[in-house]
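Chains as they are written, first to last, in numbering that gives the first Met the number 0: chain V, 0 to 243; chain R, 0 to 296. Here the structure comes first, spelled out in structure tokens, and everything after it is commentary.
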Amino acid sequence: MPKLVLKFQNSVLKEVPVGRNEVSIGRSPENGIMIDNPAVSHFHARVFNEDGRLMLEDFGSLNGTFVNGQRVKMVALKAGDSVGIGKHTIVISESRDLDGFAMGSDKPTQAAPKLNETVMLDTKERREFLQKVAAVGESAQVAPARLKVPTLIVRRGRTDQTEYMLNDKLTVIGKSAMATVKLKGWFAPKAAAQINRREDRSYYIGGADKVPSVNGNPITQPTQLSSGDVIEVAGIQLEFVYRD
Amino acid sequence: MELDYGARSDTGCVRENNEDSYRASPEMKLFVLSDGMGGLECGEVASRVAVDTIVEHCRRADSNSALPLSGGHMNGVSETTNRLASAVRVANAAVHAVAQASAPGKAMGATVVAVRFAGERMSLAHVGDSRAYRLRGEDFEQLTCDHSFVAEQMRQGRMTVEQAGSSPLQNVLVRALGIDAAVDVDVSEELVLETDTVLLCTDGVTRELSDAQITRVLRETEEAQEAADRVVELAKQAGGGDNITVIVVRPAARPVGAFGRLGKWFRESAWQKTATWTNGNNVWSAVGVLRPSFSEG
């Protein structure tokens with residue numbers, strides 16, 4: 000039975016299996032998964048089974064529902080998909096799989112290491128495991144890589160271009176020679192902020208000489224960007240979007 | 000950008016041999032460490048071959064730009080990063096060859112984390128669970144994701160941080176050098192600020208010490224070598240259950256003259272001061288205050 004794993008940043012908040020009954024998601028307490036955040040609509044979306052397929056439907060929510068970074072109305076889900084609602088993520092997980100192994104149940108595993116000695120998963124288990132990880136990685140990458148180009152649009156402030164496609168792993172905002180988003184003006188910092196593309200093709204913004212704000216909130220640690228996020232730093236305002 | 004660095008490796012308090020290796024090459028601005036596995040002398044050999052091969056490949060490429068890139072060219076990252084990734088792939092092949100020849104059928108391998116600085120850019124490549132961290136202001140950030148079983152489980156939401164922390168499978172890697180003929184290398188790039196500190200370490204450090212403990216040492220120490228020594232001592236005091244290896248790199252403090260002081264004064268808190276200026280009467284009065292210290296030095 001598939002399971003919805005509600006996460007915020009790195010912590011797992013809740014796990015809800017999807018059986019014959021649908022699971023609704025929203026800010027209202029009547030929902031199977033309640034997310035108490037103003038960015039989430041009262042009845043935001045639902046996940047349900049249809050002919051053996053797991054479906055996700057957005058109820059026309061204001062801020063949208065994203066699967067692997069792409070805004071969706073109604074889609075079929077598969078294990079490993081990552082559903083973004085506001086700043087929360089719901090990961091689709093197949094509950095059987097390696098769970099017994101992972102949680103170290105009654106069955107002793109061959110991979111259990113000796114005291115503090117680093118070991119590899121043994122060959123067969125590793126192959127299977129890597130295939131699963133690869134499958135998850137692929138599904139997470141398909142949506143943005145297919146036709147969406149992550150882009151920064153300059154909403155306000157003095158820069159050398161009006162928009163920037165993020166082609167590189169590292170994007171620097173500042174006056175420095177290595178900066179992609181070049182700031183102008185006397186008091187512009189050399190390196191105001193940086194954006195990193197991680198291995199899973201997600202984008203994170205972090206501060207450098209300045210503390211950027213995302214959607215009006217100053218960030219204290221690198222923060223993942225979603226489509227529509229507004230970044231403010233060093234007197235400029237940028238919108239992060241996935242462009243066709 | 001000049002660099003100050005410090006490095007130290009220690010067997011720890013429990014193990015009999017040190018399977019970690021590191022190489023620091025300040026003239027190439029290249030720093031590499033590796034945690035070997037395979038038991039007996041296999042782990043030592045694997046980690047030694049890994050770090051030596053990486054430094055050697057980069058050195059040869061520096062004097063011969065036509066040296067082919069192993070694994071092909073990646074877009075979106077610098078030439079330095081491409082070369083570093085290539086070096087890690089070559090190291091994988093080297094460890095694999097040694098493992099096949101000397102310990103067929105046994106899991107002889109090594110982790111690796113390597114950084115190389117070029118201007119304000121740092122290239123980073125890693126395989127396994129050795130880590131790179133950066134301290135920037137208040138934020139102590141892990142720059143690498145472990146290729147370990149528990150880390151993959153957490154990424155997929157199958158394990159919480161607490162479950163992972165107490166899992167008996169913490170030592171199980173899903174990726175390492177030398178296991179297969181080819182390996183996936185994670186690469187990234189980072190901006191380097193003059194106030195940043197970069198730390199590379201093996202899991203012997205992070206098993207024993209919390210982020211807060213490591214951060215405190217990095218904050219309190221002036222010299223990078225002193226920071227590396229103190230992190231190793233602390234990890235030993237905390238139990239030293241595994242080999243412990245640390246490299247600390249930070250941009251070197253530049254000789255400070257009058258211009259340097261003035262520049263530093265601007266850089267450190269320009270935005271706070273700008274705020275004061277715009278709230279106060281005008282910018283020129285603030286600059287006027289500066290002038291005496293400028294001419295004195």
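No residue lacks a Cβ here, since even glycine has one placed at the ideal position from N, Cα and C. The model shown is predicted, which means the values in this text are computed figures rather than measured ones.
Note to self: Quick check on the burial criterion: 16 or more other C-beta atoms within 10 angstroms. Buried or exposed for alanine 223 of chain R?
What the structure shows: Here the question's residue 223 of chain R lines up with position 224 in the second sequence. Label assigned to alanine 223 of chain R: buried.
Checklist line | chain V contacts made by the segment 114-127 of chain R, where a contact means CB separation under 7 Å | finding: Gly118, Glu119 and Arg120
Margin query: Please list the terminal residues of the continuous beta strand (DSSP E) segment that includes aspartate 138 of chain R.
Written below: By one-based count along the second sequence, residue 138 of chain R stands at place 139. Its beta strand (DSSP E) spans residues 138-141.
Check: Around the C-beta of valine 17 of chain V, are 16 or more other C-beta atoms found within 10 angstroms, so that it is buried, or is it exposed?
Finding: Position 18 of the first sequence, counted from the first residue, corresponds to residue 17 of chain V. Result: buried.
Note to self: Taking its Cβ as the centre, do 16 or more other Cβ atoms sit within 10 Å of alanine 60 of chain R, making it buried, or is it exposed?
What the structure shows: Here residue 60 of chain R refers to the residue found at position 61 of the second sequence. Burial call: buried.
Notebook entry, point to check: If you draw a straight line from the alpha carbon of arginine 14 of chain R to that of glycine 240 of chain R, how long is it in whole angstroms?
Noted result: Residue mapping note: residue 14 of chain R aligns to position 15 of the second sequence, counting from 1. Residue mapping note: residue 240 of chain R aligns to position 241 of the second sequence, counting from 1. Whole-angstrom Cα-Cα distance: 7 Å.
Next item on the list: Would you verify that the beta carbon of asparagine 67 of chain V is, or is not, closer than 8 Å to some beta carbon of chain R?
Entry: What you label residue 67 of chain V is simply residue 68 of the first sequence in a count that begins at 1. Not an interface residue.
Check: Can you give the Cα-Cα distance for phenylalanine 148 of chain R and leucine 182 of chain V, rounded to whole angstroms?
Finding: Residue numbering aside, residue 148 of chain R sits at position 149 when the second sequence is read from its first letter. Residue numbering aside, residue 182 of chain V sits at position 183 when the first sequence is read from its first letter. So the two alpha carbons sit approximately 43 Å from each other.
Note to self: Taking its Cβ as the centre, do 16 or more other Cβ atoms sit within 10 Å of isoleucine 220 of chain V, making it buried, or is it exposed?
What the structure shows: For the purposes of this step, residue 220 of chain V is taken as the residue at position 221 of the first sequence. A small correction: the amino acid at residue 220 of chain V is glutamine; isoleucine does not occupy that position in the sequence shown. Flag for glutamine 220 of chain V reads exposed.
Note to self: Can you find the residues in the same chain that come closer than 7 Å, C-beta to C-beta, to glycine 37 of chain R, ignoring five residues on each side of it along the sequence?
What the structure shows: Numbered from 1 along the second sequence, position 38 holds the residue referred to as residue 37 of chain R. Correct list, in chain order: Ala45, Ala102, Lys105, Ala106, Met107 and Gly108.
Next item on the list: Work out the CA separation of asparagine 62 of chain V and aspartate 96 of chain V for me, nearest whole Å.
Entry: Looking up residue 96 of chain V in the first sequence gives position 97. Looking up residue 62 of chain V in the first sequence gives position 63. Reliability fails at aspartate 96 of chain V, whose pLDDT of 40 lies under 50, so the model's placement of it is uncertain and no value is given.
Check: Rounded C-beta distance between alanine 233 of chain V and alanine 191 of chain V? I'm assuming under 8 Å.
Finding: Here residue 233 of chain V refers to the residue found at position 234 of the first sequence. Here residue 191 of chain V refers to the residue found at position 192 of the first sequence. Contact holds; Cβ gap of about 4 Å.
Item checked: Residues of the segment 35-48 of chain R with Cβ closer than 7 Å to any Cβ of chain V, in chain order -> Met36
Check: cysteine 144 of chain R: beta carbon under 7 Å from a heavy atom of the ligand SAH?
Finding: For the structure depicted, the ligand SAH is absent and the ligand set is empty, with no information on it obtainable.
Margin query: Between serine 187 of chain R and chain V, is any beta-carbon pair separated by less than 8 Å?
Written below: Here the question's residue 187 of chain R lines up with position 188 in the second sequence. Cβ-Cβ to chain V under 8 Å: yes for serine 187 of chain R.
Checklist line | Whole-angstrom distance between histidine 56 of chain R and serine 62 of chain R, CA atom to CA atom | finding: Position 63 of the second sequence holds residue 62 of chain R. Position 57 of the second sequence holds residue 56 of chain R. Straight-line Cα distance between these residues: approximately 10 Å.
Checklist line | Given threonine 170 of chain V as reference, the closest of R/Val114, R/Arg120, R/Arg154 and R/Leu172 once Cα atoms are compared | finding: By 1-based counting over the first sequence, the position of residue 170 of chain V is 171. The option with the nearest alpha carbon to threonine 170 of chain V is R/Arg120.
Notebook entry, point to check: So which of V/Leu5, V/Val11, V/Ser226 and V/Leu76 has the shortest CA-CA distance to valine 160 of chain R?
Noted result: What you label residue 160 of chain R is simply residue 161 of the second sequence in a count that begins at 1. Minimum Cα distance to valine 160 of chain R is reached at V/Val11.
Note to self: For lysine 147 of chain V, which residues in the same chain have their Cβ closer than 8 Å to its Cβ, ignoring the five residues on either side in sequence?
What the structure shows: For the purposes of this step, residue 147 of chain V is identified with residue 148 of the first sequence, where counting begins at 1. Around lysine 147 of chain V: Gly68, Gln69, Tyr241, Arg242 and Asp243.
Check: Any C-beta of chain R sitting closer than 8 Å to the C-beta of lysine 168 of chain V?
Finding: The residue labelled residue 168 of chain V in the question sits at position 169 within the first sequence. It does: the Cβ of lysine 168 of chain V has a partner Cβ on chain R nearer than 8 Å.
Notebook entry, point to check: Near alanine 150 of chain R, which residues of its chain fall below 8 Å by C-beta distance, leaving aside the five closest residues on each side in sequence?
Noted result: On the second sequence, residue 150 of chain R is found 151 positions in, with the first residue counted as 1. Here the set comprises Asp128, Cys144 and Ala163.
Check: chain R beta carbons: is any one of them nearer than 8 Å to that of threonine 219 of chain V?
Finding: Within the first sequence, the letter at position 220 stands for residue 219 of chain V. Yes, threonine 219 of chain V counts as interfacial toward chain R.
Item checked: Alpha-carbon spacing of lysine 2 of chain V relative to isoleucine 89 of chain V, whole angstroms -> In the first sequence, residue 2 of chain V corresponds to position 3, counting from 1. In the first sequence, residue 89 of chain V corresponds to position 90, counting from 1. Approximately 10 Å between the Cα atoms of the pair.
Check: Taking just the CA atoms, how far does cysteine 12 of chain R sit from lysine 86 of chain V?
Finding: Within the first sequence, numbered from 1, the residue matching residue 86 of chain V stands at position 87. Within the second sequence, numbered from 1, the residue matching residue 12 of chain R stands at position 13. Roughly 44 Å separates the two Cα atoms.
Note to self: Classify aspartate 210 of chain R: buried if its beta carbon has 16 or more other beta carbons within 10 angstroms, exposed otherwise.
What the structure shows: Indexing the second sequence from 1 puts residue 210 of chain R at position 211. So aspartate 210 of chain R ends up on the exposed side.
Notebook entry, point to check: Where do the ends of the beta strand (DSSP E) carrying alanine 44 of chain V lie?
Noted result: By one-based count along the first sequence, residue 44 of chain V stands at place 45. It spans 44-49 - the beta strand (DSSP E) in which alanine 44 of chain V sits, taken as one unbroken run.
Next item on the list: Using three-state DSSP, classify methionine 153 of chain R as helix, strand or coil.
Entry: The count along the second sequence starts at 1 and reaches residue 153 of chain R at position 154. In the structure shown, methionine 153 of chain R sits in a helix (DSSP, three-state: H, G or I).
Next item on the list: Anything in chain R within Cβ reach of serine 225 of chain V, meaning under 9 Å, just list it in chain order.
Entry: Translated into positions along the first sequence, residue 225 of chain V becomes position 226. Neighbours of serine 225 of chain V on chain R: none; closest Cβ ~18 Å, over 9 Å.
Notebook entry, point to check: In whole angstroms, what is the alpha-carbon distance linking glutamate 1 of chain R and glutamate 140 of chain R?
Noted result: Mapped onto the second sequence, residue 1 of chain R falls at position 2. Mapped onto the second sequence, residue 140 of chain R falls at position 141. Cα-Cα distance, rounded: 23 Å.
Margin query: DSSP has asparagine 216 of chain V in a bridge; who is on the other side?
Written below: Mapped onto the first sequence, residue 216 of chain V falls at position 217. DSSP lists V/Val213 as partners of asparagine 216 of chain V.
Note to self: Buried or exposed, going by whether 16 or more other CB atoms sit within 10 Å of the CB of glutamate 231 of chain V?
What the structure shows: Against the first sequence, residue 231 of chain V aligns to sequence position 232. By the neighbour-count rule (16 or more Cβ atoms within 10 Å), glutamate 231 of chain V is buried.
Next item on the list: Assign threonine 117 of chain V to one of three DSSP states: helix, strand, or coil.
Entry: Taking the first residue of the first sequence as 1, we reach residue 117 of chain V at position 118. Coil at threonine 117 of chain V, not helix or strand.
Item checked: Other residues of its chain near isoleucine 34 of chain V: CB distance less than 8 Å, five sequence neighbours each side excluded -> Locating residue 34 of chain V in the first sequence gives position 35, where the first residue counts as 1. For isoleucine 34 of chain V, where only same-chain residues beyond five positions count, the Cβ hits under 8 Å are Leu5, Ile24, Gly25, Arg26, His43, Ile84, Gly85 and His87.
Check: Is the CB of arginine 249 of chain R under 8 Å away from at least one CB in chain C?
Finding: Structure shown: chain C not included; protein chains present are V and R.
Next item on the list: Below 8 Å between beta carbons is the criterion; list the residues of the segment 21-48 of chain V that meet it against any residue of chain R, in chain order.
Entry: none
Notebook entry, point to check: Taking 8 Å as the CB-CB limit, is aspartate 138 of chain R close to chain V?
Noted result: For the purposes of this step, residue 138 of chain R is identified with residue 139 of the second sequence, where counting begins at 1. For aspartate 138 of chain R, the answer is yes, since a Cβ of chain V falls inside 8 Å of its Cβ.
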